[in-house]
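**Q**
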Amino acid sequence: MLVCPFRFFPVSFLIHTPSALWHPSMWGFNVTAQTFDYDNRPVVPLANMPFSKWWFHNHLSYPPHPDDVFELSAGQNVTMQIACNKGDTTFYASSEGGNTQQSGDPNDVCPGSPMSAYHTTGINDVKGCALAIAYKSDASQVQPADFTVFSVNHTCVWNRYTDFGVPQKMPPCENGKCICSFFWIHSADSGSEQMYMNAFQCNVSNSISTVGLATPSVARRCGADPANGRQDPVPGNCTWGAKQPLYWFQAEQNNMFEGTYSPPFYNDLYNFADGAQNDIFQDSYQNIPVPGPNQTALPVLATPGAVAAAAAAAAGNGTTTPLPTSTSAVEGSPSAILPSHVPLSAAPLSAAPLSAAPSATPSNSNSKCKRKRSTPSDSSRRQAPAERAIEASFARKAVDRHRRTLNMKKRSDIWKPI
């Protein structure tokens, strides 16, 4: 989907758009269709853009108030609002169209619109989204390699209120402020080649560790990929530990080079487990083999007891592990890092039993919106009244007519060694 050249849009059009993260801590929170000489609202997708236009959504000149900071409580879930328009959220007071929330379904991402508005044909067609962090407080100094993905939600975008697990060992932000960002790439079945990025100010609270994040690496396609002739996952081809976001389909500075018909996703296909990414710290692994399509060795997790002993010794000496500068990292646990496509027999080795590992997504929640996370079984709530069902059916037929043909010739290179 290319950026629309027109500047003025009726409110009804503003509602029927792709979705974005919404919070006062974000860059571009009050950007409208008239702010730029092109439509650059936070919900507008990014495709084939120069770096200056896609990086931070070209919203660096529209920063949040210094006091608007989103709190990330270590070891807890945080709830964020994802919607097609600011008016569809609790922040509607500063929206051009006022309050457009759906009273009958407050978790609806795009009230009054078919699912195609947020690029999906159903719950089985969502591909996940991510939150990433850079341990810098000056957004102008942040570069693409500074961001580390620390949380993923596999059923995003499906619910307006979306939970993200924060790793328990996230270190504190220097001076109480870091730079975070929301990232999303949708299914190839439901729209054009594009990605989404919405940056926001954040801070990590309730930290119990000062261990820095590992230097993030580029994620690799390693999960089961039937559409490209790979029926089984290849764990040896995975990137383990800290990973950069997926920068794809822009005019410059991509780190993903997959073709039109094989977009990268924040899910098991690229070894992004659902929930907190608990293996992104400097002390998460003893060893990580060089990944490759023929690699049979798997990474070895650091022994939890040794890590605790080292931390205690450092505390006794009055020293701590330095905080990250331009990178991010997190401590891992055997079960927390395992994506669902990796059998236990192929799991990274560890001295701790799998049963002793904490869950990837904490069960206790201290989210700002105090809502439980919806599950795939909640898809029944999408069964709208008859008129909306007809609208959705029409939209799906339209998507089917225009969806991209899966051309195997254009898919041949994505599994080659990098």
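Position one of the sequence shown corresponds to residue 1 (the numbering used here), numbered consecutively onward. Glycine included, every Cβ here is placed at the ideal spot set by N, Cα and C. Small disclaimer: the values here were computed from a predicted structure and weren't measured.
1) CB Gly128 to CB Phe265, shorter than 8 Å?
2) Can you check which of these residues, Thr32, Asp37, Ser284, Met49, is closest to Asn254 by C-alpha distance?
3) What does DSSP give as the partner residues of Gly161 in its beta bridges?
4) Identify the continuous alpha helix (DSSP H) that holds Ser52 and give its terminal residues.
5) In chain order, what residues of the same chain have a beta carbon less than 6 Å from the beta carbon of Ser380, not counting five sequence neighbours either side?
6) Work out the CA separation of Val234 and Thr296 for me, nearest whole Å.
7) Straight-line CA distance for Ser209 to Ala139?
8) Contact between the segment 102-113 and the segment 228-243 is defined here as three or more beta-carbon pairs at a separation below 8 Å; is this criterion met?
9) Grouping DSSP H, G and I as helix and E and B as strand, with all else coil, what is Asp68?
10) Could you tell me which residues DSSP pairs with Thr148 in its beta bridges?
11) Does the distance from the CB of Gln194 to the CB of Ser217 come in under 8 Å?
12) Phe29 to Pro172, Cα distance in whole Å?
13) Can you tell me whether DSSP reads Ser94 as helix, strand or coil?
14) Are Gln286 and Val300 close, meaning C-beta to C-beta below 8 Å?
15) Between Leu349 and the rest of its own chain, which residues show a CB-CB distance below 6 Å, the 5 nearest in sequence each way excluded?
16) When you compare the CB positions of Ser262 and Val157, do they come within less than 8 Å of one another, or not?
17) Could you check whether Val149 and Phe257 sit closer than 8 Å to each other, using their CB atoms as the reference points?
18) Would you call the CB atoms of Cys202 and Ser25 closer than 8 Å?
**A** On the basis of the supplied data:
1) Contact: yes.
2) When C-alpha distances from Asn254 are compared across Thr32, Asp37, Ser284, Met49, the shortest belongs to Met49.
3) Checking the sequence, you will find Tyr at residue 161 rather than Gly. Answer is Gln81.
4) Per DSSP, the unbroken alpha helix (DSSP H) holding Ser52 starts and ends at 51-54.
5) The predicted position of Ser380 is uncertain, since its pLDDT is 33 and thus under 50; a value taken from the coordinates is nonetheless stated next. So no residue of the chain qualifies.
6) When only Cα atoms are considered, Thr296 and Val234 end up about 9 Å apart.
7) Ala139 has its alpha-carbon roughly 24 Å from the corresponding atom of Ser209.
8) Taking 8 Å as the limit for Cβ pairs, the verdict is that the segment 228-243 does not touch the segment 102-113.
9) Secondary structure at Asp68: coil, using DSSP grouped into helix, strand and coil.
10) Answer by DSSP bridge pairing, in chain order: Ile133.
11) No, Cβ-Cβ distance for Gln194 and Ser217 is not below 8 Å.
12) Their backbone Cα atoms lie some 25 Å apart in a straight line.
13) Under the three-state reduction of DSSP, Ser94 is assigned to helix.
14) A contact, by the Cβ cut-off of 8 Å.
15) Unreliable placement is indicated for Leu349, whose pLDDT of 38 sits below 50; the coordinate value is still reported in the next sentence. Correct list, in chain order: Val300.
16) The Cβ-Cβ distance between Ser262 and Val157 does not fall below 8 Å.
17) Phe257 places its beta carbon 8 Å or farther from that of Val149.
18) The answer is yes: Cβ separation under 8 Å.
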